[in-house]
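Only one structure is covered here, and it is reproduced in the block below.
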Amino acid sequence: NGMLCSGAELELPDESDGILELSDDLQVGQPAAGVFGAEPVIDFEVTPNRPDWLGVAGIARDLAAAGLG
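Its first residue numbered 1067, the sequence shown is counted upward by one per residue in our numbering.
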């Protein structure tokens, strides 16, 4: 049982051609970042009522307060 995926479908860098073959010892539900060695990405949207998030310092301060930086 499984699924055929290409790197492009998973938005991975173009490091391989065609279908990705993963190790049989991987566990279902294991984070993909650990499997592919990807860096985590924090994606967010800034709402108009948060002008402090329009600069790197404001974002860094809030990420540090949340324990992410």
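Glycine included, C-beta positions come from ideal geometry on N, C-alpha and C.
L1129 - containing alpha helix (DSSP H), residue span: Run containing L1129: 1122-1131, per the alpha helix (DSSP H) assignment.
Residue range of the alpha helix (DSSP H) that includes F1102: Counting along the chain, F1102 sits inside the alpha helix (DSSP H) bounded by residues 1098-1102.
Supposed contact pair F1102 and L1120 - C-beta distance, whole angstroms, cut 8 Å: The pair is not a contact, with the Cβ atoms about 32 Å apart (cut-off 8 Å).
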